[in-house]
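K.L.:
Right, I'll just put the structure down here and ask away after.
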Amino acid sequence: MRAVLRLDLAEAEPDPRAVLERLGIGRDREPTATVSGLLSKAVDLLRRHAQPAGVVEQIARQEFEAVYAGEGKNLSPAPLDAVLPRADRLALFAATLGEDVSLEIAALFGTDDFALGYVLDAAASSAAEGLSRILARRYLSALIARGEVPADRRALDYSPGYCGWDLTGQRRLFARLVPGEAGIVLNESCLMRPLKSVSGVIAVGPEGIHRLEPVYACCATCGERSCRDRAAAAVAPGEDWEDEHGNPSGDRGEPRKG
Amino acid sequence: MEILREIAESLGRGEDRRVAELARAALAVGTTPKEVLDRGLILGMADVGERFRRHEIFLPDVLLAAKAMTAGVEVVKPLLAGEAARARGTVVIGTIQGDLHDIGKNLVGIMLKGAGFDVIDLGNDVAPERFVEAAEREGAGVVGMSALLTTTMPGMAKVVDLLGRRGLAGKVRTIVGGAPVSAEFAREIGADAHGYDAANAVERVAELVGAV
């Protein structure tokens, strides 16, 4: 099962508080009027320049384990070691906001509009992360619609560079997924282009498999603590790519058999 | 003097055009360039720094203020003589080879300029040799390197190593930063400092320059 999806930014529009946190403004602080104004402008720019797209492809566990092994640099034990044996389904994914957003950020810095450039960068990073949630929801919905997993399952995305999955894991992931159809490529340093892109694996299973205690070595240096609570529920039937095989809303994606 | 207070306040609000106008107006009524710099611009920026430390304002506010500072400095700098015209030092900055992330590096550059440093920005995807050549050519006191990818961090060690091989260790100090870069990593590769964010990087550069 593979799908190349054009996504709607409205789904991935960043939560203002999440963007503010990226700007170093914690939830216990109020932004200045200047920052609020910049954030509003940045979201407008994001709407204008983002061209979100993504690729999802289901992968068998054994095959994924070879992808995950990467270049042998993963942390051990790592969270995915506990997740994989209990997952019902796995899918590789990559998604991007497109190149125009990065060009706009560079243009703002190039014209000394540093503050807006900085806020747009934070908003774009937050939106890019949101894309993985959208893909997770769509994939889960497709599985439920096909009757492949029960309706109470949850999906969560894991990415190279996080949770003990070494960044060099990107190489095997890209070799297997080949997300060029969504316009995403990898350089020698494992850097994705366009810059505002995300990739990884979506694991679907009982909600409990994603509720990991932060006991791993990687958790000690990671500030993210919402990971245990952000497992995505399915969207309503009809909003996933599954329905696009035959219905008129084909502009949401171009599914093809994997 | 009222106009100097206005300069400081406008700078705090990030009003770059207004700051330049006020600086010109101050000079026109006989205020010396040094007074505009010290009692208007620098005083305003010091207040911005203090409010930032107290979390009353945030990095985007500081960036607007730094831009206003630069606008004001551009008015008075050609008129400053001798010591007052001299920058606090020259810093070569860049994102290390293989990495195209440059927001963090850009922020450091803007804030270094706002703090009175000359900044040579080599951009992103910068080979180790280019850092060293630029430092020699520009007579820089500090080389600042940024990385967001763990895969590119070894390039920072190469820069430190190259500076040593060319006999520049101790003359050209090094500072590293970026999300995956830690103070421990800085020590491991022999870098002189680690900046955990843009504001901290400027403080550390100031310390390094003072120590040279």
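Taken in sequence, the protein lines are chains U and D. Under the working numbering, the first residue of the first sequence is numbered -1, with each subsequent residue one higher. Under the working numbering, the first residue of the second sequence is numbered 5, with each subsequent residue one higher. Ideal Cβ placement from N, Cα and C applies to all residues, glycine included.
1) Work out the CA separation of V209(D) and G2(D) for me, nearest whole Å.
2) My assumption, with CB atoms under 8 Å, is that G93(D) sits in contact with V180(D). Please give the rounded CB distance.
3) In the region 165 to 189 of chain U, which residues sit with their C-beta less than 8 Å from some C-beta in chain D, listed in chain order?
4) Does P75(U) get closer than 8 Å to chain D when you measure Cβ to Cβ?
5) Does the distance from the C-beta atom of L175(U) to that of A153(U) stay below 8 Å?
6) Pick helix, strand or coil for G203(U), following the three-state DSSP scheme.
7) In chain order, which continuous runs of the alpha helix (DSSP H) of length 4 or greater are located wholly inside the region 84 to 146 of chain D?
8) Since I believe V80(D) is in contact with A27(D) (beta carbons under 8 Å), could you give me their beta-carbon distance rounded to a whole number of angstroms?
9) I'd like the list of long-range same chain contacts for V123(D), defined as Cβ closer than 7 Å, with 5 residues on each side in sequence excluded.
10) Report the three-state DSSP secondary structure of I132(U) (helix, strand or coil).
11) Count the CB pairs spanning the region 75 to 85 of chain U and the region 22 to 29 of chain U that are closer than 8 Å, and state whether there are at least three.
12) First and last residue of the alpha helix (DSSP H) that includes Q60(U)?
13) Quick one: list the residues of chain D neighbouring A215(U), beta-carbon separation under 7 Å, in chain order.
14) Once DSSP output is grouped into helix, strand and coil, what is the label at T30(U)?
15) Whole angstroms is fine: what's the gap from G148(D)'s alpha carbon to A70(D)'s?
16) If we call anything under 8 Å between Cβ atoms a contact, is V136(D) one with I100(D)?
17) Under a three-way DSSP split, which group does H198(D) fall into?
18) List the residues of chain U that F62(D) touches, going by C-beta distances under 9 Å, in chain order.
19) Quick one: Cα of I200(U) to Cα of G68(U), how far?
20) Three or more beta-carbon pairs under 8 Å between the region 117 to 135 of chain U and the region 32 to 52 of chain U, yes or no?
21) Please classify E63(U) as buried or exposed, where buried requires at least 16 neighbouring CB atoms within 10 angstroms.
22) Which residues in the same chain have their Cβ closer than 7 Å to the Cβ of E19(D), if we skip the five residues on either side of it in sequence?
23) I'd like to know if H198(D) contacts chain U, where contact means its C-beta is closer than 8 Å to some C-beta of that chain.
24) Measuring CA to CA, which of A140(U), D164(U) and A93(U) is closest to V196(U)?
25) Of all the CB atoms in chain U, is at least one closer than 8 Å to the CB of G76(D)?
26) Alpha carbons only, please: which of T74(D), D165(D) and L172(D) is nearest the one belonging to G194(D)?
27) Can you tell me where the beta strand (DSSP E) holding I11(D) begins and where it ends?
28) Using a Cβ-Cβ distance cut-off of 8 Å, determine whether D218(D) contacts chain U.
29) Hey, could you find the ends of the beta strand (DSSP E) R152(U) is sitting in?
30) Is G194(D) near the ligand GDP, in the sense that its beta carbon is under 7 Å from a heavy atom of that ligand?
31) Scan the region 137 to 157 of chain D for residues whose Cβ lies nearer than 9 Å to a Cβ of chain U and list them as they occur along the chain.
32) Using three-state DSSP, classify A93(U) as helix, strand or coil.
33) Would you give the residue range spanned by the alpha helix (DSSP H) that R15(U) belongs to?
34) Kindly indicate which residue of P158(U), P83(U) and L106(U) has the alpha-carbon position closest to the one of G286(U).
35) So is D150(U) buried or exposed if we call it buried at 16+ other beta carbons inside 10 Å?
P.N.:
According to the data block:
1) Only positions 5 to 216 of chain D appear in this structure, which leaves residue 2(D) out of reach.
2) Between V180(D) and G93(D) the Cβ distance is about 18 Å, and since that is not below 8 Å, they are no contact.
3) L165, T166, N185, E186, S187, C188 and L189
4) no
5) no
6) strand
7) Correct list: 107 to 118 and 132 to 142.
8) So it is a contact: roughly 6 Å between Cβ atoms.
9) V95, I97, G113, L116 and K117
10) helix
11) Output reads no: the region 22 to 29 of chain U does not touch the region 75 to 85 of chain U.
12) R59 to A67
13) Per Cβ cutoff of 7 Å: no residues; A215(U) is ~14 Å from chain D at best.
14) Here T30(U) sits in coil by DSSP.
15) 19 Å
16) no
17) strand
18) L18, L21, G22, I23, R27, P29, T30, T32 and V33
19) 17 Å
20) yes
21) exposed
22) A72
23) No, because no Cβ of chain U sits closer than 8 Å to the Cβ of H198(D).
24) A93(U)
25) no
26) D165(D)
27) No beta strand (DSSP E) holds I11(D); the alpha helix (DSSP H) holding it covers E6 to G16.
28) What is shown of chain D runs 5 to 216, which leaves residue 218(D) out entirely.
29) R152 to Y156
30) The ligand GDP is not part of the structure shown, which contains no ligands of any sort.
31) L152, L153, T154, T155 and T156
32) strand
33) Bounds of the alpha helix (DSSP H) holding R15(U) are P14 to R20.
34) Limits of chain U in this structure are -1 at one end and 256 at the other, which puts residue 286(U) out of reach.
35) exposed
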